[in-house]
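Undergrad: Residues 3 to 189 (the numbering used here) are what the sequence shown spells out, left to right.
Here's a structure for you.
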Amino acid sequence: MIVGLGNPGAEYRGTRHNVGFDLIDHLAKANSITVNKGQDRAMVGSGLIDGVQVLLAKPLTYMNLSGQSVAPLARRHGVKPARILVIADDLDLPLARLRLRADGSHGGHNGHRSLINSLGTTEYPRLKIGIGRSDDATVEHVLGRMNPADRALVDKALVAAERAVSRILAGEWNRALEEVDAWNKTL
């Protein structure tokens, strides 16, 4: 199961906080998967990525309550937390920088905090996409839209993230880390 965190609704489309949704949309388009079925307060779609059956999900609970959707969805599909790849923005990473972790704390991210509370564990893999910090207040920054140059850079990061996801699905965690490292060296 691959979950992208974000906020639902047109007013949040294209915001920094929604880069998790953006990667789900990118994966869905690249692999002809339609993410349009409502289930457990999420939009989901299933299909094949590199020959591996996956469930793509975008919780509709808003970022801070993501766990209230992801935990029931995982139970419904018999997916253990260690098999849920969660994609989210990260303020502490420079723009478009990627970070892949097998587990970890919430790091101040309310979406991860909700997931940890609802799943009862910190042991789920996560792919973080940097949105950087700004002089603006945090809320205005994460809910703001990127300028065209920043958006183009993040779109390139989504392509690199897709390569990492392919490696993860193939059971090649170390190769996924190498993909992330190779991308980050281009920044």
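Glycine residues also receive a C-beta, built at the ideal position from the N, C-alpha and C atoms.
Please read these numbers as outputs of a predicted model, since none were measured by experiment.
Nearest by alpha-carbon distance to valine 72: which of Val37, Gly113, His108 is it?
TA: Proximity to valine 72 across Val37, Gly113, His108 peaks at Gly113, based on C-alpha coordinates.
Undergrad: Okay, do the stretch 129-144 and the stretch 90-106 touch, 3+ Cβ pairs below 8 Å being the bar?
TA: yes
Undergrad: Would a C-beta distance cut-off of 7 Å place glycine 132 and arginine 99 closer than the cut-off?
TA: yes
Undergrad: Specify the secondary structure class of alanine 59 as computed by DSSP and reduced to three states.
TA: strand
Undergrad: Could you tell me which of Leu57, Gln55, Ala44 sits nearest to leucine 67, measuring between CA atoms?
TA: Ala44
Undergrad: Tell me, please, whether the stretch 155-162 touches the stretch 45-52 by the rule of three or more beta-carbon pairs shorter than 8 Å.
TA: no
Undergrad: On the DSSP letters alone, give me the boundaries of the beta strand (DSSP E) that lysine 31 sits inside.
TA: No beta strand (DSSP E) contains lysine 31, which is instead part of the alpha helix (DSSP H) from 21-32.
Undergrad: Excluding five sequence neighbours on each side, which residues of the same chain lie with their C-beta closer than 6 Å to the C-beta of glycine 69?
TA: Ser116, Leu117, Asn119, Ser120
Undergrad: Can you check the stretch 72-107 for any beta strand (DSSP E) of at least 3 residues that lies completely inside it and give the ranges in chain order?
TA: 87-92, 100-103
Undergrad: Kindly indicate the opening and closing residues of the beta strand (DSSP E) around leucine 129.
TA: 128-132
Undergrad: In the DSSP assignment, what residue or residues form a beta bridge with serine 168?
TA: Serine 168 is not bridged to any residue.
Undergrad: Determine, using beta carbons only, whether glycine 22 and glycine 8 come nearer to each other than 7 Å.
TA: The Cβ atoms of glycine 22 and glycine 8 lie closer than 7 Å to each other.
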